[in-house]
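Participant: This is the structure I want to talk about, given as structure tokens.
Protein chains in written order, with my numbering: chain X, 1 to 284; chain P, 1001 to 1281.
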């Protein structure tokens, strides 16, 4: 078994033994139950619309909006999982004396990072895909509405949480656990605020706000991925229904184009390389 | 002719943390089957030296090698076992699981037999399935020693390995170290317990303020300090005299008409040598 794989399996076992997955699973079930309740109520109301607006499919508008909300919550939960699985992976573990016995084994420090990243990113990616699929199915059960794309947005959410995992792991090399956790949540918040600014900018026709949102989306590509995932669920929707969706809180999202995937890959690799370089120079 | 590199070799190691020089040019060799004790006051640079040898700390200047491989490289780690002064193991693992994980990391193929042998060697046979979190500090330290011996390393670096052990535990570790020496393992033992170092070590290096201030065998360091003779006229001290001079001293006293009741050859202890070397009372 390679060193990275041993470290990744160890991290997964630790999460299992410490009942991380039990807690996350129970809370996710609670979230999905509440989401189901909300969706049921929403579509119950949509069904009661006395005067449907001509040319607007109310089910599509309501479905896209509520699923957009679920995607936001899914990414937030994925971010929490990513942060808590990695926030003390290097400096925190070294300060507690947990890391040194591992590092004197015949493996390079970057191997330890790769192992921790693979374990955490794997868990987070599977988690967000599972929650997104569950939310989509719940939405379909209560509304009979299915998004235009499911695989692509699921992968984009998985990629977004992978970026967050890489940032959190890199932060753990230089920051204490608490500072790292705060920093990653701040970045997450900054990305979302930038996304909101972009939507406001589009509504107001403000070029400046649009530019700020675009730059932040590339600097923090989890935001660009999230926006692209939101855009993908209604990518084939046109006409007045499309216009109605764009009026909603999750409707202004735009795909960042085909460059986003290679950019994200490069971003994660670069983050990993910077983290590995900093780790290799760190006295423990 | 092929020369075998020393098990551990440090050459002119220097380490600075900002304006503080933790090591100021330390050179040290430990040969195969040799047990070397590292002594020094708190903050002398002992742990820094050990950490550089492990590759956990990068030297500002100088080199360190384990079995000929640069410290910190996987080749060096293949020959190395290490127990840190301040260490923790994941509290959710059992003793057996912890050793199994380190076997996988070290690519050691000893399997269950090796784990059983190591746990027996440190007196933890009955704790195989006990979680680390349910172990006393002393038990964890024994487990740490067992972990360091995974894969039969050629070099063992032990930083205060008996600080949490009771006298019986210390004796177990002492015997273990003697056994390792017989098997040709090189051991660098960093300890504050002078008596322990005196009992097991072949050589001792005393570090103070980042420099090796004295080194030698425990016998060389604890040299003769005089002969004390009790006669009918009281006790007399012959300073600087050693064991070989005692018969002559007794003959001279008897010839001078004195009655000799007791003769004691005095030696300075390792503690005296240590205090003299580090310049403390």
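Virtual Cβ for every residue (Gly too), placed ideally from N, Cα, C.
1) Kindly provide the ranges of any alpha helix (DSSP H) runs that are 4 or more residues long and lie completely inside the region 1186–1236 of chain P, ordered along the chain.
2) Does DSSP put residue 1003/P in a helix, in a strand, or in coil?
3) Determine the extent of the beta strand (DSSP E) in which residue 1063/P is found, giving its start and end residues.
4) Answer with buried or exposed for residue 1015/P, where buried requires no fewer than 16 other C-beta atoms within 10 angstroms of its C-beta.
5) For residue 1066/P, is the classification buried or exposed, using 16 other Cβ atoms within 10 angstroms of its Cβ as the cut-off for buried?
6) Judging by CA-CA distance, which residue of 212/X, 189/X, 188/X is the nearest neighbour of residue 199/X?
7) Alpha carbon to alpha carbon, how far is residue 1187/P from residue 1160/P? Give it in angstroms, no decimals.
8) Would you say residue 1176/P faces chain X, with C-beta separation under 8 Å as the test?
9) Smallest Cα separation from residue 86/X: which of 196/X, 183/X, 270/X?
10) Would the beta-carbon of residue 245/X fall within 8 Å of that of residue 73/X?
11) What span of residues does the alpha helix (DSSP H) with residue 1178/P cover, start to end?
12) Residue 1264/P lies in the beta strand (DSSP E); which residues open and close that run?
13) If we ignore side chains and look at the alpha-carbon of each, how far apart do residue 1087/P and residue 28/X end up?
14) Can you tell me which of the three DSSP states residue 206/X falls into?
15) For chain X, check one thing: does any of its Cβ atoms lie closer than 8 Å to the Cβ of residue 1120/P?
16) Which same chain residues, not among the five before or five after residue 26/X, have their C-beta less than 8 Å away from its C-beta?
17) Anything in chain P within Cβ reach of residue 107/X, meaning under 8 Å, just list it in chain order.
18) Span of the beta strand (DSSP E) holding residue 1020/P?
19) Less than 8 Å between CB atoms is the rule here; does residue 1084/P satisfy it with respect to chain X?
20) At what residues does the beta strand (DSSP E) containing residue 1009/P begin and finish?
21) With H, G and I counted as helix, E and B as strand and the rest as coil, what does DSSP make of residue 1073/P?
22) Does DSSP put residue 185/X in a helix, a strand or coil?
23) DSSP beta-bridge partners for residue 239/X?
24) Starting from residue 1156/P, trace the alpha helix (DSSP H) in both directions and tell me its first and last residue.
25) Go ahead and pull the three-state DSSP assignment for residue 1040/P.
26) Go to residue 1083/P, then tell me how far its beta strand (DSSP E) extends in each direction, as first and last residue.
27) With DSSP collapsed to three states, give me the class of residue 139/X.
Facilitator: So, from the listed chains and residues:
1) Qualifying alpha helix (DSSP H) stretches, in chain order: 1194–1200, 1218–1221.
2) To locate residue 1003/P, count along the second chain from 1; it is residue 3. In the structure shown, the three-state DSSP call for residue 1003/P is coil.
3) Residue mapping note: residue 1063/P aligns to position 63 of the second chain, counting from 1. Start and end: 1061–1066.
4) Residue mapping note: residue 1015/P aligns to position 15 of the second chain, counting from 1. Under a 10 Å Cβ-count criterion, residue 1015/P is classified as buried, with 16 or more other Cβ atoms of the shown protein chains found around its own Cβ.
5) Within the second chain, residue 1066/P is the residue found at index 66, counting from 1. Classification of residue 1066/P: buried, given that the 10 Å Cβ count is 16 or more.
6) Sequence index remark: in the first chain, residue 199/X carries index 199 (1-based). Answer by Cα proximity: 212/X.
7) Start at 1 with the first residue of the second chain, and residue 1160/P comes out as number 160. Start at 1 with the first residue of the second chain, and residue 1187/P comes out as number 187. Take the alpha-carbon of residue 1160/P and the one of residue 1187/P: they are about 12 Å apart.
8) As a first step, residue 1176/P must be located in the second chain, where it is residue number 176. No, residue 1176/P does not count as interfacial toward chain X.
9) Taking the first residue of the first chain as position 1, residue 86/X is located at position 86. Of the listed residues, the one whose Cα sits closest to residue 86/X is 183/X.
10) The count along the first chain starts at 1 and reaches residue 245/X at position 245. The count along the first chain starts at 1 and reaches residue 73/X at position 73. Not closer than 8 Å, so no.
11) Mapped onto the second chain, residue 1178/P falls at position 178. For residue 1178/P, the uninterrupted alpha helix (DSSP H) segment begins and ends at 1167–1182.
12) As a working note, residue 1264/P is residue 264 in the second chain. Counting along the chain, the unbroken beta strand (DSSP E) around residue 1264/P starts and ends at 1260–1267.
13) Mapped onto the second chain, residue 1087/P falls at position 87. Mapped onto the first chain, residue 28/X falls at position 28. A straight-line Cα-Cα distance of about 36 Å links residue 1087/P and residue 28/X.
14) For the purposes of this step, residue 206/X is identified with residue 206 of the first chain, where counting begins at 1. Per DSSP, reduced to three states, the secondary structure at residue 206/X is coil, with no helix or strand assignment.
15) For the purposes of this step, residue 1120/P is taken as residue 120 along the second chain, with counting starting at 1. Answer no: the Cβ-Cβ gap between residue 1120/P and chain X never drops below 8 Å.
16) Here residue 26/X is taken as the residue at index 26 of the first chain, counted from 1. Annotation for residue 26/X: no residue places its beta carbon closer than 8 Å to its own, counting only its chain and skipping 5 residues before and after.
17) Counting from one through the first chain, the residue named residue 107/X turns up at place 107. The answer, in chain order, is 1074, 1077, 1105.
18) Looking up residue 1020/P in the second chain gives position 20. Membership of residue 1020/P in the beta strand (DSSP E) is indicated by the continuous run 1020–1030.
19) Stepping through the second chain from its first residue, residue 1084/P is reached at position 84. Yes, residue 1084/P counts as interfacial toward chain X.
20) Position 9 of the second chain, counted from the first residue, corresponds to residue 1009/P. Taken as a continuous stretch (DSSP letters only), the beta strand (DSSP E) holding residue 1009/P covers 1008–1017.
21) Counting from one through the second chain, the residue named residue 1073/P turns up at place 73. Looking at residue 1073/P - three-state DSSP - the assignment turns out to be coil, as it is neither helix nor strand.
22) Position 185 of the first chain, counted from the first residue, corresponds to residue 185/X. It is helical.
23) The residue you call residue 239/X lines up with position 239 of the first chain. Answer is none; residue 239/X lacks a bridge partner.
24) As a working note, residue 1156/P is residue 156 in the second chain. No alpha helix (DSSP H) contains residue 1156/P, which is instead part of the beta strand (DSSP E) from 1155–1159.
25) Counted from its first residue, the second chain places residue 1040/P at position 40. Annotated three-state conformation of residue 1040/P is coil, per DSSP.
26) Stepping through the second chain from its first residue, residue 1083/P is reached at position 83. Residues 1080–1083.
27) In the first chain, residue 139/X corresponds to position 139, counting from 1. Assignment of residue 139/X by DSSP, reduced to helix, strand and coil, places it in the helix class.
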